[in-house]
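**Q** Per this note's numbering, the very first residue in the sequence shown carries number 0; after that it's consecutive. Note that CB positions come from ideal geometry on N, CA and C, so glycine has one too. One structure coming up, written as structure tokens, with questions to follow.
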Amino acid sequence: MDHTQQPSDILSRLDTIYGISPAEKRLLLVKTLLNLKPQGNYIAMMRQWQRISTELERQDYPISEVCHDIGIILK
Numbered sequence: 000m001d002h003t004q005q006p007s008d009i010l011s012r013l014d015t016i017y018g019i020s021p022a023e024k025r026l027l028l029v030k031t032l033l034n035l036k037p038q039g040n041y042i043a044m045m046r047q048w049q050r051i052s053t054e055l056e057r058q059d060y061p062i063s064e065v066c067h068d069i070g071i072i073l074k
């Protein structure tokens with residue numbers, strides 16, 4: 000995955016191709032957030048973190064649902 004793309008762009012493209020549900024979109028965002036690694040560029044990682052967290056806030060996902068997704072991912 001290209002870490003320079005906006006999460007909203009990725010999700011929009013996935014929605015067009017696969018027609019994923021809002022819950023699946025949220026799960027993908029949370030998974031992307033948890034999988035972030037600096038890979039030698041901490042600034043790029045922090046920018047990606049900000050983009051994803053902003054998208055989560057913009058979608059107004061309840062924290063309980065985000066925590067639920069984290070639990071699913073960490074199983």
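Going by beta carbon distance, what residues of the same chain come within less than 6 Å of Pro37, once the five residues before and after it are set aside?
**A** Hits under 6 Å: Met44.
**Q** Please name the residue in Gln5, Gln58, Ser63 whose C-alpha comes closest to that of Thr31.
**A** Nearest C-alpha to Thr31: Gln5.
**Q** Here's a check: name, in chain order, each residue in its chain whose Cβ is nearer than 7 Å to the Cβ of Arg54, leaving out the five neighbours to either side.
**A** Checking the displayed sequence, the identity of residue 54 turns out to be Glu instead of Arg. Only Pro6, Ser7, Leu28 meet the Cβ criterion.
**Q** Can you look up Tyr60 in the DSSP assignment and give me helix, strand or coil?
**A** Coil, per DSSP.
**Q** So what's Ile16 in DSSP terms, helix, strand or just coil?
**A** It is helical.
**Q** Just to confirm, is the Cβ distance from Lys24 to Leu35 under 8 Å?
**A** Going by C-beta atoms, Lys24 is not nearer than 8 Å to Leu35.
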